[in-house]
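*Asks:* Just so you know, the working numbering puts 358 at position 253 of the sequence shown, and the rest follows in order with no gaps.
Every residue gets a Cβ at the ideal spot worked out from N, C-alpha and C, and that includes glycine.
All of these numbers come straight from a predicted model, not from anything done at the bench.
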Amino acid sequence: MVGSAYKDKDLSASNNPLTSPEVIEAAIKLAYHKNLIGRKLLGYQNLSISTVSTIEEADTVGDVDWLSENGALPKLDFAFVKGTKRVRPYGGWFEVTEEQQEDNLEDEIRVMINNTAYAMSYFEDLVIYNDIINATGINSIDATHPWDVSTGADAGVPLKDLQKAKRTVSAATKGQKPDTIVISELTFEYLTAFDAIKNRLYNTQGADGYVVTGQVPTLLGMVVVQDDAVDPNDTGQCLVFKQKDIGVWQERYAIRTKSIPGSNLGKDQIAFKYTAKAKGEPNIKFPKLGCIINDLFTT
């Protein structure tokens, strides 16, 4: 009887390759890379150590000396100060039971894979937008006419606010133009009430274009990106900035996966515990290339 039970367990693993540790680990990585939004808007730098250098604007006098023709060493005034910070590790895990593996319950396992991958990428986005929004020196404006979401009155002037944010960045950077708007899905829901936005949707992609593709046409020459992480409190906050140039995603490693047998954890009913871990940090080097639009919504 003991030999028979061992044989059944051994066969169940070999007959279900789609629930094998190797396949599940690969599926975690695939799902993770599909969900990435925020990091694609930044530049990229691979790190060989777990520390990144930061540059923040500050009222300081730099200690850099420059040679002049007369041999003097005048000190230049720099509005930046450098610092360092650790690269944060983050990740997730889930457990696959013996029953899920033996019965080849792929859908249940797939849901756990997708949930873990999404949680990691959403955390990344929260960190990225939080660092941009709280960066010292980033531009900020208040909405001209906040939208009254309690009554449904759409009194706002979204294109005017976006144009003002665009002009604010240009003025702060001597002419550089932002190319990206990041808004939440709730913000876009209210945007669709405006004729200017509806006309863009219908005339650019057809009456059901947005429903089919999920793609939003450009506004004022800027690409529209939908990501709820930019406005977690649903206040109508959105972000305008120059993609890639505002900062970089500094990464020690993208994602590492590991499978641990349940028997090693003292859990007889668990086939494997799967862990996924990544290590990266945004470095917002040029915050003046961004502008926050605050409080588009009122209640």
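1) On the three-state DSSP scale, how would you describe ASP230?
2) Count the CB pairs spanning the stretch 370-388 and the stretch 328-344 that are closer than 8 Å, and state whether there are at least three.
3) Considering ALA136, what are the terminal residues of the alpha helix (DSSP H) in which it resides?
4) Tell me, which residues are paired with ASP247 by DSSP?
5) With distances taken Cα to Cα, identify the nearest neighbour of ILE302 among LEU324, ILE286, GLU290 and LEU291.
6) Where does LYS363 fall in DSSP's three states?
7) LYS393 to THR221, Cα distance in whole Å?
8) If you count every other CB in all the chains shown that lies within 10 Å of the CB of ARG144, and 16 or more means buried, which is it?
9) In three-state terms, what does DSSP make of PRO387?
10) For PRO194 and MET225, what's the separation of their Cα atoms in angstroms?
11) So if DSSP puts ILE288 in a beta bridge, which residue, or which two residues, is it bridged to?
12) Do you know offhand how far ILE233's Cα is from LEU146's?
13) My output table needs one value for VAL353: the three-state DSSP class, helix, strand or coil.
14) By Cβ distance, which residues of its chain are closer than 8 Å to ASP339, with the 5 residues on each side in sequence left out?
15) Helix, strand or coil: which one does DSSP assign to LYS114?
16) From the DSSP output, which residues share a beta bridge with GLN150?
17) Between ALA359 and GLY367, what straight-line distance do the alpha-carbon atoms span, to the nearest angstrom?
18) So, for LYS349: in the same chain, excluding its five sequence neighbours on each side, which residues have a beta-carbon less than 6 Å away from its beta-carbon?
19) For the candidate residues SER155, THR156, GLU204 and ASN140, whose alpha-carbon lies nearest to that of PHE377?
20) List the whole-angstrom C-beta distance separating THR202 from ILE375, where the pair is believed to meet the contact cut-off of C-beta under 8 Å.
21) For ASN219 versus ALA136, is the C-beta spacing smaller than 8 Å?
*Replies:* Taking the structure as given:
1) Locating residue 230 in the sequence shown gives position 125, counting from the first residue. The answer is helix: DSSP assigns ASP230 an H, G or I state.
2) With a cut-off of 8 Å on Cβ pairs, the stretch 370-388 is not in contact with the stretch 328-344, counting fewer than three such pairs.
3) Your numbering for residue 136 matches position 31 in the sequence shown. Per DSSP, the unbroken alpha helix (DSSP H) holding ALA136 starts and ends at 126-140.
4) Here the question's residue 247 lines up with position 142 in the sequence shown. Per DSSP, the beta bridge partners of ASP247 are ASN399.
5) Taking the sequence shown and counting its residues from 1, one reaches residue 302 at position 197. Answer by Cα proximity: LEU324.
6) The sequence position of residue 363 within the sequence shown is 258, counting from 1. LYS363 sits in a strand when the DSSP states are folded into three classes.
7) Start at 1 with the first residue of the sequence shown, and residue 393 comes out as number 288. Start at 1 with the first residue of the sequence shown, and residue 221 comes out as number 116. When rounded, the distance between both Cα atoms is 34 Å.
8) To locate residue 144, count along the sequence shown from 1; it is residue 39. The residue is buried, with at least 16 neighbouring Cβ atoms inside 10 Å.
9) Position 282 of the sequence shown, counting from 1, holds the residue named residue 387. Strand, per DSSP.
10) Translated into the one-based positions of the sequence shown, residue 194 becomes position 89. Translated into the one-based positions of the sequence shown, residue 225 becomes position 120. Roughly 11 Å between the two C-alpha positions.
11) For the purposes of this step, residue 288 is taken as the residue at position 183 of the sequence shown. DSSP, once it has assigned bridges, lists GLN331 as partnering ILE288.
12) Taking the first residue of the sequence shown as position 1, residue 233 is located at position 128. Taking the first residue of the sequence shown as position 1, residue 146 is located at position 41. Taking the Cα positions, ILE233 is about 10 Å away from LEU146.
13) One-based indexing of the sequence shown puts residue 353 at position 248. Of the three classes helix, strand and coil, the one that applies to VAL353 here is strand, per DSSP.
14) For the purposes of this step, residue 339 is taken as residue 234 along the sequence shown, with counting starting at 1. Cβ-Cβ distances below 8 Å link ASP339 to SER289, LEU291 and PHE402 in the same chain, with the five nearest sequence neighbours on each side left out; the list follows chain order.
15) The residue given as residue 114 occupies position 9 in the sequence shown. Bear in mind that a pLDDT of 44 at LYS114, under 50, signals an unreliable position, so the number given afterwards is only what the model happens to contain. LYS114 sits in a helix when the DSSP states are folded into three classes.
16) If you number the sequence shown from 1, residue 150 lands on position 45. Its beta-bridge partners are GLN355.
17) Taking the sequence shown and counting its residues from 1, one reaches residue 359 at position 254. Taking the sequence shown and counting its residues from 1, one reaches residue 367 at position 262. If I take the Cα positions, the gap works out to 26 Å.
18) Numbered from 1 along the sequence shown, position 244 holds the residue referred to as residue 349. For LYS349, the CB contacts under 6 Å within the same chain, skipping 5 residues up- and downstream, are GLY148 in chain order.
19) As a first step, residue 377 is located in the sequence shown; it is residue number 272 there, counting from the start. Distances from the CA of PHE377 to each of SER155, THR156, GLU204 and ASN140 were compared; the closest alpha carbon is that of GLU204.
20) Within the sequence shown, numbered from 1, the residue matching residue 202 stands at position 97. Within the sequence shown, numbered from 1, the residue matching residue 375 stands at position 270. About 6 Å; that satisfies the 8 Å criterion.
21) Sequence index remark: in the sequence shown, residue 219 carries index 114 (1-based). Sequence index remark: in the sequence shown, residue 136 carries index 31 (1-based). In contact: ASN219 and ALA136 (Cβ atoms closer than 8 Å).
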